Amino acid sequence: MNRAIAATLPDLDQARREIKSVNGAQIFSAAIREHLHSLATRYFDQVRPEVSGIEDVDAELREADTIFQELHALSRKNASKDKCLRLLKSAKTILVRLEGAGLSRGARQSAETRTTTDVLIIESLQDICPAAALSYSQALHDLESDSRLSYRGPATDLREALRETLDTLAPDKEVEGMPGYKAEPDAKRPTMKQKVRYILRSRGFGSGQLAAPESAVEGVEEMLGFVSFSASC
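Count along the sequence shown from 1, add 178, and you get the number used in our numbering.
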């Protein structure tokens with residue numbers, strides 16, 4: 179659930195950046211108009227079917243339909259720069275609302291099979307990193323399926339939930355500025371283990387309290403990575 183929305187949101191931001199860079203009040207760029215057209219097409223082909231089964235979002239769907247219909251119309255002419263920016267902003271707002279409704283629905287549907295810990299993790303991640311909450315929720319949803327043939331998808335989603343959470347709580351630049359930081363061999367950026375160390379130190383944990391959490395995140399990363407790799411072979 180909500181994979182199409184998650185894929186569309188960054189594209190909306192990219193379109194806004196492209197349009198903001200336009201000089202003048204109108205858009206004459208064929209590339210930008212094609213980008214707007216592809217966004218409208220993606221909404222009706224991928225996003226709408228994905229969210230149409232969510233309860234109590236009829237008003238949001240009508241609003242989203244109208245916005246993307248307008249974007250489609252604007253993609254066929256030299257449209258107003260300001261109008262395109264307003265519509266793209268509105269499109270992002272409504273899709274985020276629909277994404278949240280989908281997450282809530284998934285949580286309700288799985289309430290009987292998910293543990294209290296799972297629910298608390300999802301709620302916490304929604305506040306910290308909504309993308310991670312989505313990945314974690316999707317993994318649980320897939321694991322609950324009676325017809326699962328492979329665990330590659332859930333493993334990848336769980337790994338992404340961990341990575342995105344650590345990236346949010348421990349940005350690369352802040353970790354690299356940590357006293358005593360030294361890049362791991364062959365690593366182009368801080369590792370998950372180093373991010374965990376940064377997070378715990380910033381919260382007042384002493385050196386003697388770091389080993390177990392660091393080992394745990396390394397183990398989780400290796401295990402999930404192994405499942406993903408094995409499933410692809």
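In this text, a Cβ means the ideal position worked out from N, Cα and C, and glycines have one as well.
Here the structure is a predicted model, which is why all the values come from computation and not from measurement.
Check, Outcome
"Check whether the segment 336 to 345 and the segment 295 to 313 are in contact - that is, three or more C-beta pairs closer than 8 Å.", "yes"
"In the DSSP assignment, what are the bridge partners of S258?", "Q204"
"Which residue from A269, N256 and E228 puts its Cα closest to that of Q247?", "A269"
"Determine the DSSP secondary structure at M370, reduced to helix, strand or coil.", "helix"
"Is it right to say A289 is buried, meaning 16 or more other beta carbons lie within 10 angstroms of its own, or is it exposed?", "For A289, the pLDDT reaches just 47, beneath the cut-off of 50, and the residue's location in the model is therefore unreliable, although a value from the coordinates is still provided. By the neighbour-count rule (16 or more Cβ atoms within 10 Å), A289 is not buried but exposed."
"According to DSSP, simplified to helix, strand and coil, what is I197?", "helix"
"Specify the secondary structure class of A339 as computed by DSSP and reduced to three states.", "helix"
"I'd like the list of long-range same chain contacts for I205, defined as Cβ closer than 7 Å, with 5 residues on each side in sequence excluded.", "I197, R211, N256, A257, K259 and C262"
"Using the rule of at least 16 other Cβ atoms within 10 Å of the residue's Cβ for burial, across every protein chain shown, is A333 buried or exposed?", "buried"
"What number of angstroms, rounded off, separates the C-alpha of L190 from the C-alpha of L217?", "8 Å"
"How would you label G280, buried or exposed, when you count the other beta carbons within 10 angstroms and need 16 or more for buried?", "buried"
"Compute the Euclidean distance between the alpha carbons of R413 and Q316, then round it to the nearest angstrom.", "Nothing about residue 413 can be reported from this structure: the residues present for the chain run from 179 to 411 only."
"Throw me the rounded Cβ distance for the V225 and I272 pair, which I believe falls under 8 Å.", "Actually they do not touch by this definition, with Cβ atoms about 10 Å apart."
"According to the neighbour-count rule (16 or more other Cβ atoms, all chains shown, within 10 Å of its Cβ), is T186 buried or exposed?", "buried"
"V374: buried (16+ other C-beta within 10 angstroms of its C-beta) or exposed?", "buried"
"Quick check on this structure: which residue in R275, D223 and E228 has the alpha carbon closest to the alpha carbon of E241?", "R275"
"Leaving aside the five residues before and after H215 along the sequence, list all residues of the same chain whose C-beta is less than 6 Å from its C-beta, in chain order.", "S253"
"Under a three-way DSSP split, which group does A409 fall into?", "Because A409 sits at a pLDDT of 48, beneath the cut-off of 50, its placement in the model cannot be relied upon, and the point is left open."
"Suppose you measure from the CA of L265 to the CA of A311; what does that come to, to the nearest Å?", "27 Å"
"Drop a sphere of 10 angstroms on the beta-carbon of S199, count the other beta-carbons inside from all chains shown, and report buried for 16 or more, exposed for fewer.", "exposed"
"Give, in chain order, every unbroken run of the alpha helix (DSSP H) that is at least 4 residues long and sits entirely within the segment 204 to 249.", "208 to 220 and 226 to 229"
"For H250 and A208, what's the separation of their Cα atoms in angstroms?", "13 Å"
"Can you give, in chain order, each stretch of the alpha helix (DSSP H) that sits fully within the segment 344 to 369 and has at least 4 residues?", "350 to 354"
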